[in-house]
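Residue numbers (the working numbering): 2 to 149.
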């Protein structure tokens, strides 16, 4: 039995990167996942494009821009999965990403979250982040940013 994964993408006037993101989600080999989209008050034309790219995903159309966090919080409340994968529309998942993440989480029940290595879009040899580090003064920094 595979725990279900709900994949959420929050958009606002998306560009061509959303198409790559959705294609990478759909190409995952994980057998139990669904896609949800929250749009932050894009134009009618942009919403039509989002609906076309993401069908048959569940789309939520906000009349105002609530931002990234509020958009994902709304999706989390509707999610059906045992796990929720929070994506930016410019993220492109590597093949097997969801399977690897779920395997790691299932093997480590004390873990509260997991992520993979995020590579730069303009140079995939450079890390964008491997997660967030909190400092003593409550600043949050990308771990591994700009490293090869």
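By construction, the Cβ of each residue, glycine as well, lies at the ideal position given by its N, Cα and C atoms. No experiment lies behind these values; they were computed from the predicted model shown.
Span of the alpha helix (DSSP H) holding residue i?
| i | result |
| --- | --- |
| residue 74 | 68-79 |
| residue 103 | 98-108 |
| residue 23 | 18-27 |
| residue 45 | 45-55 |
For the beta strand (DSSP E) holding residue i, just list the boundary residues, first then last.
| i | result |
| --- | --- |
| residue 63 | 59-63 |
| residue 88 | 84-88 |
Considering only the alpha carbon of each residue, which of the options lies closest to residue i?
| i | options | result |
| --- | --- | --- |
| residue 12 | 133, 5 and 23 | 23 |
| residue 56 | 37, 64, 74 and 47 | 37 |
| residue 33 | 129, 8 and 76 | 8 |
| residue 45 | 31, 65 and 26 | 65 |
| residue 145 | 128, 31, 137 and 136 | 128 |
| residue 92 | 27, 4 and 3 | 27 |
| residue 131 | 148, 139, 82 and 138 | 148 |
| residue 60 | 69, 111, 76 and 71 | 76 |
| residue 2 | 94, 21, 31 and 87 | 31 |
| residue 35 | 121, 82, 88 and 53 | 82 |
Which partner residues of residue i appear in the DSSP bridge assignment?
| i | result |
| --- | --- |
| residue 127 | Looking at the DSSP assignment, residue 127 forms no beta bridge with any residue, so it has no partner. |
| residue 34 | 6 |
| residue 93 | Note: residue 93 sits in no beta bridge, so no partner. |
| residue 120 | 128 |
So what does DSSP say about residue i, is it helix, strand or coil?
| i | result |
| --- | --- |
| residue 7 | strand |
| residue 141 | strand |
| residue 12 | strand |
| residue 40 | strand |
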